[in-house]
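>
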Amino acid sequence: MNVVDLVIPTISQGLLWSILAIGVFLTYRVLDIADLTVEGSFPLGAAVAAAMLTAGYTPFAAIAVAAVAGMLAGVVTGILTTKLKIPALLAGILTMIALYSVNLRIMGKANLSLLRVDTIFSLASFINDDRNIVTLTVGLIAVIIVIAGNYWFFGTEIGAAVRATGNNPNMIRANGIDTDATVILGLLLSNALVAVSGALIGQDNGFADVGMGTGTIVIGLASVIIGEVLFGTRDFFNWLVSVVLGSIVYRVVIAVVLQMGMPPNDLKLFTAALVAIALAMPLVKKKLKANREVA
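Note that this note's numbering has the sequence shown beginning at 608, numbered continuously upward.
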């Protein structure tokens, strides 16, 4: 296979998945919450977009409504964990399970095809005759919008309060900020991005499937951790860009191991091992540095 034919689709997929990775980053790093809602809100975004597209709505309207649906999923998890005091991990699991039935209701069946339906990618086909170039361009534009929007929002007073909630909730409460509201807001934003990613990937794949969210939390974590380890976290903007680059690197690694002959059924196992190694890297570096200083 031509290297270009492999690289461009891989980068394109990395860009589309990086929006999910930024959503995971907002909960995992900014709020310091492991939110499993993403495994339900990702297919929710695809389901809503597919249902609207097949009903004749425009791709832009479909993506916008998918984002709203993701917001509602995040709000449900936020209410469960803040108002009902259910642990965040369990609250995410409960929402994820409930969304499985919701997604089936929205689509009417387990799989909804988008063949012969206009998508955001078919509308953008004027950019280039090569579908991979179109996907790359749409993904790049979407990522730029997401990074710019997040960088602006988290520079505002409300955004700073959300970031501070994850760093030191006691201090924020002492300053009169309602941390329940900031947690709900963070979960709302996170799952909106995850749903948008699902809507885009569903349109790129040409279908929405009720089971397409399985393992998305691991993919998001892999992108976040790989990006942090390889590209650093000097400031918030750098952190966002690192997550995007981490998503691309993850997709490149997956493409390479598949080309080397790894069975697709082993990808989840490989991803889990990759995340475990990436999570252990800071500790390994710390121990190596300590050993060098002792020596």
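Even glycine gets a Cβ: it sits at the ideal position worked out from N, Cα and C.
(1) With a floor of 4 residues, list each alpha helix (DSSP H) that falls wholly inside the stretch 653-735, ordered by position along the chain.
(2) Please identify the residue among E764, A749, V683 whose C-alpha is closest to the C-alpha of I791.
(3) Less than 8 Å between C-beta atoms, sequence neighbours within five positions excluded: which residues of the same chain meet that for I704?
(4) My assumption, with CB atoms under 8 Å, is that L643 sits in contact with G699. Please give the rounded CB distance.
(5) Given this structure, state the Cα-to-Cα distance separating R770 from D725, to the nearest angstrom.
(6) Can the beta-carbon of A829 be found less than 7 Å from the beta-carbon of A673?
(7) Compute the beta-carbon to beta-carbon distance between F843 and L852, rounded to the nearest angstrom, for a pair I have assumed lies under 8 Å.
(8) Using the three-state DSSP reduction, which class does F838 fall into: helix, strand or coil?
(9) Buried or exposed: where does E764 fall if 16 or more other Cβ atoms within 10 Å of its Cβ makes it buried?
(10) Measuring only the C-alpha atoms, how far is L697 from V901?
(11) Is DSSP giving D816 helix, strand or coil here?
(12) Would you report the Cα separation of K896 and V848, rounded to the nearest angstrom?
(13) Given this structure, state the Cα-to-Cα distance separating N735 from W846, to the nearest angstrom.
(14) On the three-state DSSP scale, how would you describe I640?
(15) Are there 16 or more other CB atoms within 10 angstroms of the CB of G685, so buried, or fewer, so exposed?
The answer reads as follows:
(1) 666-689, 695-714, 727-730
(2) V683
(3) The beta carbon of I704 is closer than 8 Å to those of G647 in its chain, skipping five residues each way along the sequence.
(4) 4 Å
(5) 39 Å
(6) no
(7) Not quite, the Cβ-Cβ distance comes to about 15 Å (not below 8 Å), so this is no contact.
(8) helix
(9) exposed
(10) Answer to the nearest angstrom: the Cα atoms are 43 Å apart.
(11) strand
(12) 27 Å
(13) Between N735 and W846, the C-alpha separation is close to 31 Å.
(14) coil
(15) The residue is buried, with at least 16 neighbouring Cβ atoms inside 10 Å.
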